[in-house]
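Numbering (our numbering), first residue to last: 1 to 283.
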């Protein structure tokens with residue numbers, strides 16, 4: 001999967017070559033955006049349509065949802081989303097690309113369902129999105145990671161190529177692993193997409209209605225901790241959050257719960273026996 005520094009160096013070298021080879025523009029005309037051209041934060045590289053379609057499929061987009069594409073380039077993700085019935089916004093810093101994407105939206109007949117905005121992705125408020133898509137270099141993704149993590153639980157995020165692992169100092173450091181990665185074969189140029197669902201925040205102490213206690217520790221979508229019941233301390237296994245859905249196993253019992261702020265409600269199942277349970281977050 002192309003997420004590591006060696007691959008990144010190859011990609012960046014290719015981007016520079018692409019930019020240089022396509023940079024001849026008449027001084028008498030406004031410059032036309034060129035595949036691989038340098039931008040303020042990142043080069044512009046076209047996402048293959050096959051990967052655009054894969055990204056939208058991974059996000060399980062639904063008509064009337066709001067998709068926001070960060071670094072929207074020529075608008076192809078925004079346009080493709082609008083063609084599926086979504087409201088779609090593209091945020092792009094380059095004015096030439098914004099103009100090009102607006103023209104393409106008009107040509108595709110989806111201008112009314114789209115907004116192509118010239119803005120800085122670090123200053124734009126995208127907290128109302130149902131789906132976020134992006135194709136950004138790792139250092140930009142790492143800067144955005146805290147913002148992504150604090151989006152509304154259940155928000156879907158899909159990236160082209162790079163994931164949200166690493167730190168600015170160490171690209172190999174642990175981070176926010178994707179929930180899903182798909183690699184296209186044959187590869188249309190850029191071939192991998194990563195998907196995440198923003199998890200609810202559950203870290204802390206919870207008390208079940210029967211008096212048991214649940215201590216949860218959270219690292220992005222991964223959950224660990226222990227269940228304290230009947231004088232026993234039972235280590236949780238396979239703890240995971242998918243949006244607002246929490247699942248884990250303790251002493252052979254499978255727990256599922258929907259998290260709603262300071263409460264979670266669900267079922268505990270073992271063999272053919274299922275019991276309802278509820279827990280409340282403790283101060």
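Built from N, CA and C at the ideal position, the CB exists for glycine as well. None of the values given here were measured: they were computed from a predicted structure.
Locate the alpha helix (DSSP H) running through residue 143, then write down its first and last residues. 138-149
In whole angstroms, what is the alpha-carbon distance linking residue 253 and residue 268? 6 Å
Less than 9 Å between the C-beta atoms of residue 209 and residue 257, yes or no? no
Contact belief for residue 193 with residue 55 at Cβ below 8 Å, rounded distance in angstroms: Contact between residue 193 and residue 55 is confirmed by a C-beta separation of about 5 Å, below the 8 Å threshold.
Would the region 185-202 and the region 165-172 be scored as touching if the rule is three or more Cβ pairs under 8 Å? Flag = no, the region 185-202 and the region 165-172 do not touch.
Can you tell me where the alpha helix (DSSP H) with residue 57 in it begins and where it stops? Residue 57 -> alpha helix (DSSP H) spans 49-58.
Can you grab the Cα-Cα spacing for the pair residue 96 / residue 179, in whole Å? 35 Å
Measuring CB to CB, does residue 101 end up less than 9 Å from residue 75? Taking a C-beta distance under 9 Å as the contact criterion, residue 101 and residue 75 qualify as a contact pair.
Grab the span of the beta strand (DSSP E) containing residue 79 for me, first residue to last. Taken as a continuous stretch (DSSP letters only), residue 79 belongs to no beta strand (DSSP E), being part of the alpha helix (DSSP H) at 76-83.
Mapping the DSSP letters down to three states, classify residue 238 as helix, strand or coil. strand
Within the chosen definition, does the region 218-225 reach the region 76-93 through at least 3 CB pairs nearer than 8 Å? Short answer: they don't touch.
Under the DSSP definition of a beta bridge, which residues are partnered with residue 88? 67 and 114
Should the region 53-69 be regarded as contacting the region 132-152, the criterion being three or more beta carbon pairs within less than 8 Å? yes
Is there contact here, the region 202-218 with the region 262-277, by at least three beta-carbon pairs under 8 Å? yes
Tell me the DSSP secondary structure of residue 101 in three-state form. helix
In whole angstroms, what is the alpha-carbon distance linking residue 281 and residue 244? 15 Å
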